[in-house]
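Each remark here refers to the structure printed beneath this line.
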């Protein structure tokens, strides 16, 4: 493609339009053409297309595919994500291997990284989808610009991201690095990034005290797959997600006898706060039952 570089005052990265004798297609997962504004994979076709990769038959079969338009030509899968603008210009959206799907939601890792790099507190940032005990989770790897307490930095980054991104695109775990791992030729080695330490997700451990706190903690531990959960621990920072919230609600009803709305765990994600809220709800229920009994006794006395 060709593009005359100029400042358009936009965040997008335009890469222009196809050159002569080359065709470009932006296709979906089903190899169907996508309309302007919809992101898909960029495919190339035309006279400039190579026959394949030298002595790499498997890679050739993966990257060079038969055109779905019945023309008999082949298409080359670039692995780039892009979309057509209304003016016909192609806008680059990142690499397809940087796009992940977690619990049915497509997430563009580069978008999260770009938002992190806008922050003064961040020198470098990378986001990966890492497999954990509760499934895939987003992990943010950050080289801080200055020395900041980890808890303060974590809260600052989460707050800043929430101003631009939905909750499911906020990393559940964070890893602080002095520098990013690089290959001998200076490129980022994503595979060399350390696995997050699950124990670092927990705040200073404060054991549950009351019977209700202990029973809720036991349910969280079972659902999250954690060895222990303290009063200051956050359900979602420990890897919780919406499906796990439903499991917690179910076990609360079965084991504690309390029917709770999932919204309440989103509202009170810290164990101590959630247990206090549950205790308050229980007191309200008991008070209501007592009031009804008192009213019944008053009616009987009148009879």
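Numbering (this note's numbering), first residue to last: -12 to 290.
C-beta: ideal position from N, C-alpha, C; glycine also.
Residue i, DSSP secondary structure in three states
i           : result
residue 123 : strand
residue 95  : strand
residue 32  : strand
residue 176 : coil
residue 254 : helix
residue 267 : helix
residue 101 : helix
residue 214 : coil
residue 194 : coil
Environment of residue i [buried if 16+ CB atoms lie within 10 Å]
i           : result
residue 207 : buried
residue 161 : buried
residue -8  : exposed
residue 53  : exposed
residue 125 : buried
residue 220 : buried
residue 216 : buried
residue 193 : exposed
residue 290 : In this prediction, residue 290 scores a pLDDT of 46, lower than 50, which makes its location untrustworthy; the coordinate-derived value is nonetheless stated afterwards. Label assigned to residue 290: exposed.
residue 56  : exposed
Delimiting residues of the beta strand (DSSP E) encompassing residue i
i           : result
residue 78  : 77 to 82
residue 206 : Premise fails: residue 206 lies in the alpha helix (DSSP H), 198 to 211, not in any beta strand (DSSP E).
residue 246 : Neither: residue 246 is in no beta strand (DSSP E) and is coded neither H nor E.
residue 88  : 86 to 89
Identity of the residues DSSP links to residue i by a beta bridge
i           : result
residue 160 : 126
residue 17  : In DSSP, residue 17 forms no bridge with anything.
residue 68  : 28 and 81
residue -11 : 4
residue 131 : 109
residue 225 : For residue 225, which the question treats as bridged, DSSP gives no partner whatsoever.
residue 60  : Note: residue 60 sits in no beta bridge, so no partner.
residue 12  : 30
residue 152 : Looking at the DSSP assignment, residue 152 forms no beta bridge with any residue, so it has no partner.
residue 118 : 123
Unbroken alpha helix (DSSP H) run spanning residue i, endpoints
i           : result
residue 230 : 229 to 238
residue 47  : 44 to 50
residue 149 : 137 to 149
Contacting residues, own chain, Cβ-Cβ under 7 Å from residue i (five flanking each side not counted)
i           : result
residue 274 : Bear in mind that the predicted position of residue 274 carries a pLDDT of just 44, short of 50, making it unreliable; the figure below should be weighed with that in mind. So no residue of the chain qualifies.
residue 25  : 70
residue 301 : This structure cannot speak to residue 301, because the chain is shown only from -12 to 290.
residue 176 : 168, 169 and 170
Residue i Cβ short of 6 Å to the ligand HEM heavy atom set
i           : result
residue 207 : Summarising the ligand content, the structure contains no ligands, and the ligand HEM is consequently not present.
Own chain residues within Cβ distance below 6 Å of residue i, not counting five before or after
i           : result
residue 210 : 231, 234 and 235
residue 99  : 114 and 156
residue -11 : 3 and 6
residue 243 : 202
residue 96  : 85 and 114
residue 21  : 13, 15 and 27
Residues near residue i in its chain [Cβ-Cβ closer than 8 Å; skip 5 each side]
i           : result
residue 272 : Its pLDDT being 43, under 50, residue 272 is placed unreliably in this model, and the value from its coordinates should be taken loosely. If we look at residue 272 and ignore the five residues flanking it on each side, it has no Cβ neighbours.
residue 1   : -10, -5, 72, 76, 77, 78 and 79
residue 178 : none
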